[in-house]
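Worksheet: one structure, shown below.
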Amino acid sequence: MKNLKNIFILTLIFTITSFSFGQSKDDLEIRRLEKLWTAYLDKGDTQSLLSIWSKKYVVNNPNGKIVTPDDIISLMKSGHKFPKVERMIEKITIDGNVAIVMGKELQQPSPNVTNLNDWLPRRFTNIWIKKGKRWQLAGRQSTEINEK
């Protein structure tokens with residue numbers, strides 16, 4: 001009985017906390033997926049990336065080039081390693097089966113630069129689409145910025 005009471009209290013606290021921060025179940029899932037796909041990219045895990053990206057995934061990269069999963073996977077298989085990125089989500093907007101994630105990210109300029117103050121600032125927008133019960137990353141745009 002005591003365990004049941006503790007479970008109830010923990011569930012209540014979690015529910016109140018989620019609502020007080022305005023985070024829905026979908027919002028929490030998008031935040032989890034944002035971390036997950038970044039980890040897949042860091043590891044070079046092409047199979048997992050393909051499972052999280054929509055088949056029509058498209059990216060407008062910081063160099064102004066539009067690329068697709070085929071382009072990205074080909075680049076990774078040729079030995080390219082993407083630089084590490086720290087992403088700070090500022091806003092998630094969910095409208096039906098579409099989630100738009102916006103914020104700032106810092107790109108590591110080279111592996112030996114560990115101080116985040118020396119990383120390259122960018123703004124990003126990621127677009128997720130829910131197909132059935134599953135969210136997939138459908139589009140991404142990232143732009144380097146000059147901070148003043």
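At position 12 of the sequence shown (counting the first as 1) the number is 12 in UniProt numbering, and the numbers step up by one without a gap.
Built from N, CA and C at the ideal position, the CB exists for glycine as well.
Treat the numbers as computed from the prediction; the structure is a model and nothing was measured.
- Counting other Cβ atoms within 10 Å of its Cβ, R134 stays below 16 and is therefore classed as exposed.
- Within its own chain, the residues whose Cβ lies closer than 8 Å to the Cβ of E90, once the five positions on either side in sequence are excluded, are M102, G103, K104, listed in chain order.
- Our two residues, I72 and L50, have alpha carbons roughly 10 Å apart in a direct line.
- In this structure the segment 93-102 does not lie against the segment 70-84, because fewer than three pairs of beta carbons, one per stretch, are closer than 8 Å.
- Between A138 and I129, the C-beta gap is smaller than 8 Å, which places the two residues in contact.
- By the 16-neighbour rule on beta-carbons within 10 angstroms, Q47 is exposed.
- For T125 and D27, the gap between their C-alpha atoms comes out near 15 Å.
- Residue range 25-43 is occupied by the alpha helix (DSSP H) that includes E29.
- In this structure, the alpha-carbon of V59 lies about 14 Å from that of I52.
- The DSSP-derived three-state label of T125 is strand.
- When the Cα atoms are used, L36 and P83 turn out to be separated by approximately 16 Å.
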